[in-house]
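Residue numbers (the working numbering): 6 to 138.
Idealized CB from N, CA, C, for every residue including glycine.
Just below is one structure, and these are the notes that go with it.
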Amino acid sequence: MAKKELRVAIIGCNFMGKAHSNAWLQASRFFDLPLTPVLQVACARHEPSVRAFADNWGWRHVETDWRRVLERDDVDVVDISLPQHLHHEVAVAAAKAGKHLFCEKPMALKVADAEAMVAAAETAGVVHYVNHN
Numbered sequence: 006m007a008k009k010e011l012r013v014a015i016i017g018c019n020f021m022g023k024a025h026s027n028a029w030l031q032a033s034r035f036f037d038l039p040l041t042p043v044l045q046v047a048c049a050r051h052e053p054s055v056r057a058f059a060d061n062w063g064w065r066h067v068e069t070d071w072r073r074v075l076e077r078d079d080v081d082v083v084d085i086s087l088p089q090h091l092h093h094e095v096a097v098a099a100a101k102a103g104k105h106l107f108c109e110k111p112m113a114l115k116v117a118d119a120e121a122m123v124a125a126a127e128t129a130g131v132v133h134y135v136n137h138n
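Quick look at the structure:
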């Protein structure tokens, strides 16, 4: 029986976006996962760059506005691979949109922003995770 899909959106396609894309692709080789990660949509501001990124890593769709990503019904989790000063706004909006959160470290640059991110996720009832390896 096929496993249920976990449809991932990645926001940010530079170094950490590449590292996270590779991790999503390799996860089921290392772990017996209850869900199958699917590279659903990659998002970055520059359309030619995000298209090349998506083609290289196997992302199904591209987007240039992270707000439109959050409106999509075909996204379960948002992987925030942006520079740290951009994490807070995206994480809070994603939680309010009902998307689970996977955030690169550091979570935020200010404690108040990190607390707001956690509060938004807990209020929305979504899973939130900060990547520390």
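Through-space distance from residue j to residue i, alpha-carbon basis
i           : j           : result
residue 25  : residue 35  : 15 Å
residue 91  : residue 118 : 11 Å
residue 9   : residue 101 : 23 Å
residue 136 : residue 31  : 16 Å
residue 94  : residue 75  : 12 Å
residue 65  : residue 116 : 35 Å
residue 108 : residue 134 : 6 Å
Cβ neighbours of residue i in the same chain (closer than 6 Å, five flanking residues each side left out)
i          : result
residue 89 : 111 and 114
residue 22 : 15 and 86
residue 67 : 47, 55, 56 and 59
residue 63 : 44
Residue interval of the alpha helix (DSSP H) (run including residue i)
i          : result
residue 53 : 52-62
residue 30 : 20-35
residue 95 : 92-101
residue 75 : 71-76
Which of helix, strand or coil DSSP assigns to residue i
i           : result
residue 40  : strand
residue 131 : coil
residue 14  : strand
Own chain partners of residue i with C-beta closer than 7 Å, once the 5 adjacent residues on each side are dropped
i           : result
residue 121 : 93 and 97
Residue i - containing beta strand (DSSP E), residue span
i           : result
residue 114 : Element bounds for residue 114: n/a, residue is neither H nor E.
residue 81  : Run containing residue 81: none; DSSP gives neither H nor E here.
residue 66  : 66-68
message: Measuring CB atoms only, is the stretch 120-130 touching the stretch 38-45, in the sense that at least three cross pairs come out at less than 8 Å?
response: By the Cβ rule, the stretch 120-130 does not count as touching the stretch 38-45, because fewer than three pairs are nearer than 8 Å.
message: Would you call the stretch 15-30 in contact with the stretch 71-89, where contact means no fewer than 3 C-beta pairs closer than 8 Å?
response: Here the stretch 15-30 makes contact with the stretch 71-89; the two share three or more CB pairs at distances below 8 Å.
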